[in-house]
Structure formats: C-alpha cells, structure tokens
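Q: Every letter in the sequence shown is one number past the one before it in the working numbering, and letter 27, counting from 1, is 1148. Glycine included, each C-beta is placed from N, C-alpha and C at the ideal position. Before we start, here is the structure in question, set down as structure tokens.
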Amino acid sequence: MSDFRTPIKNARGLGSAKTGTEHFVHQRLTATALVALTIWFLVFVLSLSGADYVTATAAIAKPWNAMLLVGFLVAMFWHAQLGLQVVLEDYVHNSLLALAVQTTVKFIAVLGAIVSVFAVARIALGN
C-alpha cells in the first residue's frame, strides 16, 4: 500500500488549516476598502479644518458622511486586528502568551469599533 504523505507529515498528523485563504481575502478586502475610505476621510477632515464644533457635528450627522465614517471605522479596526494577528502569529512562540495577546487584541479591536460607531451614531442621531 503506498502512502503519498511525507514522513514528517505522518509524524505530525497535520493537515490544512482551511482558514488561511479566508484571512488573506479579508485582509485584502479591508485594505481595498480603506484606500477609498481613507481618501474620503482625509478630504472630509480637511474640509472641516477651521470649522467650529457645531459645523463639524452637523457635517458628521449627514447620513452619507455618518455611513462612510462608520464604514471607515469598522474597516480600520478589522484590518488592524487582522494585521496584528499575522504579526503575533509570526513572532510570539509561547502558545499561552500568544492566546492571551491574540484575545486582548481582538477584544480591544471590537471594543474600539463599538465605541467609535456608538459615538458616530450619537452625533448622527442628535444625542
């Protein structure tokens, strides 16, 4: 009986993780979204330079601006979490420490996204 697996593969018993492509695609999609959204965000912020608080909140409260700002914030936190995950997987070799740091990064990213979206929603909805 022939087995096409290499001896090291048999020794480790490892197979495909089946999530590498999904992670790669999500990272590229968020990066692509961030290119367009960052250009919009920079134009938006520069258009508000010198504006007072009332003008800035009125600009954020416009539906299109609020939706684009929420999209920017969600894509930014998601992309940052994905990028940090790759760096941590490559450089943190202690499995318990890696788990703790990965969990902390995900928690901070989700918390940051929730707080940011909540802040935009409060401005957009008038308090």
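Look up S1170 in the DSSP assignment and say whether it is helix, strand or coil.
A: Coil at S1170, not helix or strand.
Q: For N1186, report the span of its alpha helix (DSSP H) as first-last.
A: It spans 1184-1212 - the alpha helix (DSSP H) in which N1186 sits, taken as one unbroken run.
Q: If you check the beta carbons only, do L1167 and I1181 fall under 8 Å apart?
A: No, the pair does not count as a contact, with Cβ atoms beyond the cut-off.
Q: Kindly give me the distance between the Cβ atoms of V1195 and V1164, rounded to whole angstroms, as I take these residues to be in contact under 8 Å.
A: With a Cβ gap of about 19 Å, V1195 and V1164 do not count as contacting.
Q: Under the three-state reduction of DSSP, which class applies to G1247: helix, strand or coil?
A: Reduced to three states, the DSSP call for G1247 is coil.
Q: Compare the Cα-Cα distances from A1240 to each of T1178, E1210, L1203 and report the closest residue.
A: Comparing Cα-Cα distances from A1240 to each of T1178, E1210, L1203, the minimum goes to T1178.
Q: Once the 5 residues before and after I1235 are set aside, which same chain residues still bring their CB inside 8 Å of it?
A: For I1235, where only same-chain residues beyond five positions count, there are no Cβ hits under 8 Å.
Q: Given this structure, state the Cα-to-Cα distance separating S1216 from E1210, to the nearest angstrom.
A: Approximately 10 Å between the Cα atoms of the pair.
Q: For T1153, I'd like the list of residues in its chain whose CB is within less than 7 Å of its CB, leaving aside the five on either flank, ordered along the chain.
A: Within the same chain, T1153 has no close Cβ partners at all.
Q: Measuring only the C-alpha atoms, how far is L1220 from H1147?
A: For L1220 and H1147, the distance between alpha carbons rounds to 21 Å.
Q: Report the residue from T1176, G1192, T1142 whose alpha carbon sits nearest the alpha carbon of A1157.
A: Comparing Cα positions, the closest option is G1192.
Q: By a C-beta neighbour count over all protein chains shown, 10 Å radius and 16 as the cutoff for buried, is M1188 buried or exposed?
A: With fewer than 16 Cβ atoms within 10 Å of its Cβ, M1188 is classed as exposed.
Q: Taking the alpha-carbon positions, what's the K1227 to G1233 distance?
A: Each residue's alpha carbon lies about 10 Å from the other.
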